[in-house]
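Quick note: the sequence shown uses my numbering, first residue 1, plus one each step.
Glycine included, every Cβ here is placed at the ideal spot set by N, Cα and C.
Written below as structure tokens is the structure these notes are about.
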Amino acid sequence: MPMMLKVNGQKRSLSLDTRTTLLDALREHLHLTGTKKGCDHGQCGACTVLVNGKRINSCLSLAIMHDGDEITTIEGLGTPDKLHPMQAAFVKHDGYQCGYCTPGQICSAVAVLEEIARGVPSHVQDDLTAAPRATNMEMRERMSGNICRCGAYSNIADAMAEVAGGMG
Ligand code: FES
Ligand code: FES
């Protein structure tokens with residue numbers, strides 16, 4: 001079926017088998033290989049991208065479901081010359097080792113801070129009537145779907161804390 005995705009600000013027309021996942025559309029058809037395939041079963045978060053500003057596991061979603069949607073991948077967040085603040089913070093705090101999970105971690109981290117800013121509740125909030133705050137526990141809970149086999153979690157949390165601090 002023909003479809004159009006707006007990827008990193010550019011309209012991309014595709015003609016794909018309707019069984020193609022968003023992850024495969026990005027990697028295999030648009031050659032945006034920054035988004036990684038870890039488990040392909042929704043369990044690792046390596047494939048996290050932003051769809052209309054919200055994070056999803058792109059391996060669990062069919063591309064055709066996103067006809068007309070705005071997709072942001074790690075390639076669209078920043079460039080080597082002009083890093084997104086979260087990318088810069090990951091570099092500064094050494095928030096990775098092998099780097100395989102990192103694009104998904106960074107996309108997720110950007111979305112987490114926006115979720116907190118929008119007041120989206122989480123499972124570790126003791127008071128659901130209060131606005132969530134970007135505490136270490138809050139961010140760790142919200143990032144729990146992003147697995148890092150290198151165990152860079154503490155440094156990832158430090159990077160997020162720095163960006164969250166900058167957001168006030
Ligand atoms: Fe999508 Fe693991 S590849 S969650
Ligand atoms: Fe290696 Fe996270 S940096 S899996």
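- Remark: the C-beta of Ala46 is in contact range of ligand 1, defined as less than 8 Å to any heavy atom.
- Judged by their CB atoms, Cys44 and Cys107 are not nearer to each other than the 9 Å cut-off.
- Under the three-state reduction of DSSP output, Met143 falls in the coil class, being neither helix nor strand.
- Distances from the alpha-carbon of Asp67 to those of Ala157, Leu83, His93, Leu16 put Leu16 closest.
- Here DSSP, grouped into helix, strand and coil, assigns Gln125 to coil.
- Boundaries of the beta strand (DSSP E) around Thr72: 70-72.
- In the DSSP annotation of this structure, Gln43 is not part of any beta strand (DSSP E), being labelled neither H nor E.
- In this structure, DSSP gives Val112 a helical state, which the three-state scheme calls helix.
- Contact check for Glu75 and Asn155: beta-carbon distance about 23 Å, past the 8 Å limit, so the pair fails to qualify.
- The residue from Met65, Pro103, Gln97 with its alpha-carbon nearest to that of Leu83 is Pro103.
- In the DSSP annotation of this structure, Gln10 is not part of any alpha helix (DSSP H); the continuous beta strand (DSSP E) holding it starts and ends at 10-15.
- Put simply, the backbone Cα of Arg149 is about 34 Å away from that of Ala130.
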